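These notes concern the structure reproduced below.
Number of protein chains: 2
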Amino acid sequence: MYEKKIPKDFDCGMSITLEIIGGKWKPCLIDSISKGIRRPSELHRNHPEASKRVLNLQLKELEDYGVISKIIYPVLPPKVEYFLTELGESLLPLTRHMEKWGSDYMPVFNELQRNKSKVDAEAVVFG
Amino acid sequence: MYEKKIPKDFDCGMSITLEIIGGKWKPCLIDSISKGIRRPSELHRNHPEASKRVLNLQLKELEDYGVISKIIYPVLPPKVEYFLTELGESLLPLTRHMEKWGSDYMPVFNELQRNKSKVDAEAVVFG
DNA sequence: CGGTATCCAAGCGGATACTG
DNA sequence: CAGTATCCGCTTGGATACCG
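First to last, the protein sequences are chains A and B. According to my numbering, the residues represented by the first sequence are 3 to 129, in order. According to my numbering, the residues represented by the second sequence are 3 to 129, in order.
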């Protein structure tokens with residue numbers, strides 16, 4: 003397992019928030035789980051671009067931070083389900099807010115991506 | 003300069019939002035600029051832990067994404083000022099939201115950090 | 001099915017020195 | 001003061017194979 007070598011500074015709330023939902027798949031996972039997609043295999047089917055390993059890593063982080071909890075059914079084949087904790091539920095308005103802002107900005111953003119090579123003529127210069 | 007080699011998928015709004023404010027110092031910069039701290043040297047003084055170079059990188063990204071704009075005064079010594087664009091202003095409710103959630107969660111979070119080595123007894127196991 | 005081990009590429013950010 | 005060049009280490013996450 004990896005071991006962090008640089009201590010992080012969680013002085014401001016923002017850094018904590020980003021620590022928790024800043025991972026590449028964490029917001030998606032929170033969203034999926036909130037919609038009732040609970041089992042690892044389902045989650046994986048829901049995000050095929052991510053490997054099992056990475057999803058597990060991010061699920062583990064969410065679990066460690068108390069955002070989700072898991073139920074392990076002692077059956078064969080194994081069965082596991084994830085749930086949002088109360089804390090996780092409290093994140094939903096925020097993730098929706100982020101999702102909405104990004105969606106609103108998406109048209110402009112995609113335009114920018116297309117025009118990447120153009121000159122940066124935005125800077126205002128006084129003469 | 004760095005060159006991204008893996009195309010990112012900006013299908014959902016969330017990924018766009020994280021792309022824009024996900025950097026280590028970007029939210030801080032947005033916040034500072036919104037409070038009238040406009041000049042690079044001021045911003046640096048405001049976040050001494052970050053190097054000039056990194057702040058510049060993140061400012062540049064924010065500028066490229068149209069979140070901030072800059073005014074270059076042709077004077078000596080050089081003088082530059084950053085401003086939030088309309089888009090940048092539209093981000094403030096979101097950054098405040100993130101800041102607030104993180105602050106609310108901070109006590110629990112710090113408690114978790116302290117108890118890191120304890121057993122993970124949260125998983126519910128049915129027998 | 002769920003989870004982990006191993007290996008590795010890319011990204012991101014820190015330190016420093018330097019230019020105009 | 002503002003910005004850039006260089007170098008380099010840590011972290012993130014992707015690919016694959018394997019075990020219970």
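Glycine included, each C-beta is placed from N, C-alpha and C at the ideal position. Computed from a prediction, not measured in an experiment: that's the story for all the values here.
Cutoff 8 Å: residue i Cβ touching any chain A Cβ
i, result
"B:G24", "yes"
"B:H99", "yes"
"B:P2", "With chain B running from 3 to 129 in the structure shown, residue 2 of chain B is simply not present."
"B:L89", "yes"
"B:V110", "yes"
"B:L61", "no"
"B:L114", "yes"
"B:G38", "no"
C-beta neighbour in chain B for residue i, strict 8 Å
i, result
"A:Y107", "yes"
"A:K6", "no"
"A:K102", "yes"
"A:L96", "yes"
"A:I18", "yes"
"A:G68", "yes"
"A:E57", "This sequence places Leu at residue 57 of chain A; Glu is not what is there. Output row for A:L57: interface = no."
"A:L93", "yes"
Helix, strand or coil at residue i according to DSSP, with G and I counted as helix
i, result
"A:Y67", "coil"
"A:K10", "coil"
"A:V135", "Here chain A comprises residues numbered 3 to 129, so residue 135 of chain A is not present and cannot be evaluated."
"A:K159", "Residue 159 of chain A lies beyond the range of chain A shown here (3 to 129); nothing can be said about it."
"A:K37", "coil"
8 Å contact criterion, which residue i and residue j should meet: CB distance rounded
i, j, result
"A:G15", "B:M16", "Rounded, the Cβ-Cβ distance is 19 Å, inconsistent with contact."
"B:S34", "B:L86", "That pair is no contact at about 10 Å."
"A:L59", "A:L31", "Between A:L31 and A:L59 the Cβ distance is about 11 Å, and since that is not below 8 Å, they are no contact."
7 Å CB neighbourhood of residue i in its chain, flanking five on each side removed
i, result
"A:I22", "Y67, V69"
"A:E65", "S71, K72"
"B:L94", "S36"
Beta-carbon contacts of residue i that lie in its chain and below 8 Å, excluding the five residues immediately before and after
i, result
"B:I39", "L45, N48"
"A:P29", "I23, T97, M100, E101"
"B:L57", "W27, L31, P42, L45, H46, H49"
Beta-carbon proximity list for residue i, same chain, < 6 Å, skipping 5 on both sides
i, result
"A:F12", "I18"
"B:L89", "G68, V69"
"B:I74", "V82"
"B:E63", "none"
"A:A52", "W27"
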